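In what follows, a structure is listed as structure tokens, so that the remarks can point back to it.
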Amino acid sequence: MMQEPRRTPLPSGFLTRPIAHRALHDRAAGRIENSPAAIRAAIAHGYAIEIDLQLSRDGVAMVFHDETLERLTDETGFVSERSATELGQIRLKDSSENIPTLTEVLKIVAGQVPLLIEIKDQSLVMGPTDGRLEAATAKALAAYTGEVALMSFNPACIYHLAKLAPNLPRGLTTAAYDEESWAPLPPEACEHFRAIPDYDATLSSFISHEAADLASPRVAELKASGADILCWTIRSAAEETKARAVAQNVTFEGYLSPLPA
Numbered sequence: 001m002m003q004e005p006r007r008t009p010l011p012s013g014f015l016t017r018p019i020a021h022r023a024l025h026d027r028a029a030g031r032i033e034n035s036p037a038a039i040r041a042a043i044a045h046g047y048a049i050e051i052d053l054q055l056s057r058d059g060v061a062m063v064f065h066d067e068t069l070e071r072l073t074d075e076t077g078f079v080s081e082r083s084a085t086e087l088g089q090i091r092l093k094d095s096s097e098n099i100p101t102l103t104e105v106l107k108i109v110a111g112q113v114p115l116l117i118e119i120k121d122q123s124l125v126m127g128p129t130d131g132r133l134e135a136a137t138a139k140a141l142a143a144y145t146g147e148v149a150l151m152s153f154n155p156a157c158i159y160h161l162a163k164l165a166p167n168l169p170r171g172l173t174t175a176a177y178d179e180e181s182w183a184p185l186p187p188e189a190c191e192h193f194r195a196i197p198d199y200d201a202t203l204s205s206f207i208s209h210e211a212a213d214l215a216s217p218r219v220a221e222l223k224a225s226g227a228d229i230l231c232w233t234i235r236s237a238a239e240e241t242k243a244r245a246v247a248q249n250v251t252f253e254g255y256l257s258p259l260p261a
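Just so you know, we're using full-length UniProt numbering here: the sequence shown kicks off at 1 and counts up by one.
Dropping the structure here:
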């Protein structure tokens, strides 16, 4: 019997261990974002890990940020046009590793550190989704026992996950939705999502908000109502100090965030 959707609290590990953005990547060292090497490095340092998911043509959750292959590989085209087997044979640029599946990453992490998973918007317009990536994610996580949480910019993804994985913590990735940066998303859509209207309806327990917009009154309102506040993406110790005046934890890259004593 399917469980009723409910608001599931964020585990404490997500509030105490800094979160390595796309894992602890360092291209010069051959650790590409979202790669197994970057994931192992984050584990070795004791950091929580943030990863991104895209969907293969045959319905497998792949750990990869972009919709297309060009930036991170020598291939071209959409991730969604390739099978999981094909994607798994594609070498990441400046690396000896290939694109991993979520299942492969879960075997590496194995509950050693918290894992924050961002479901990338498959509609590409922040609209309704078919639920295939959400279902693939829930299936891969069904037997996973480590600390894990799910989030997405697109509330439609979280609506699906509230039904598919009601026992897992869910949240919204949120932003100032600057109209120029988010083009071609229409201005009225930017205004809509800027207000974070879907927080309660999706039974979210946290947001991960754009660091430069942490002073937003809506963020303060959500925090006062009990939402946990994470943020993205911090790139220096000075930025981290400023962000922690509002956020309970940071998602960082490009430096080593201090771990709690």
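Glycine included, C-beta positions come from ideal geometry on N, C-alpha and C. Being a predicted model, the structure only gives us computed values, none of them experimental.
- Counting along the chain, residue 113 sits inside no alpha helix (DSSP H), nor does DSSP assign it H or E at all.
- Taking 8 Å as the upper bound for CB-CB distance, residue 148 and residue 115 are in contact here, some 5 Å apart.
- Residue 214 sits close to residue 243, with the two beta carbons spaced by under 8 Å.
- Distance from the CA of residue 7 to the CA of residue 247, rounded to the nearest whole angstrom, comes to 20 Å.
- Between residue 172 and residue 204 a beta carbon distance of about 5 Å is seen, short of the 8 Å cut, so the two are scored as contacting.
- If only complete runs of 3 or more residues are kept, the segment 38-107 shows the beta strand (DSSP E) at 48-55 and 61-63, in order along the chain.
- By the C-beta criterion, the segment 209-223 is judged to be in contact with the segment 161-178, since at least 3 inter-stretch pairs fall below 8 Å.
- A distance below 7 Å between beta-carbons, with the five flanking residues on each side excluded, links residue 59 to the following residues of its chain, in chain order: 132 and 136.
- Three or more Cβ pairs closer than 8 Å define a contact, and the segment 151-167 meets that threshold against the segment 187-202.
- Rounded to whole angstroms, the gap between the alpha carbons of residue 50 and residue 236 is 17 Å.
- Residue state for residue 183 is assigned as coil, using DSSP reduced to three classes.
- Our two residues, residue 142 and residue 9, have alpha carbons roughly 18 Å apart in a direct line.
- In this structure, DSSP gives residue 250 a state outside helix and strand, which the three-state scheme calls coil.
- In the three-state reduction of the DSSP assignment, residue 170 falls in the strand class.
- For residue 23, the CB contacts under 8 Å within the same chain, skipping 5 residues up- and downstream, are 31, 33, 34, 35, 38, 39, 41, 42, 49, 50 and 51 in chain order.
- Only buried fits residue 169, as 16 or more other CB atoms lie within 10 angstroms of its CB.
- Minimum Cα-Cα distance from residue 154 among the listed residues 104, 11 and 202 corresponds to 202.
- Taking the C-beta atoms as reference points, residue 92 is found nearer than 8 Å to residue 98.
- For residue 210, the enclosing beta strand (DSSP E) starts and ends at 206-210.
- The beta-bridge partner set that DSSP reports for residue 148 consists of 115.
- Your pair residue 45 and residue 253 does not check out as a contact, with CB atoms roughly 13 Å apart and the cut at 8 Å.
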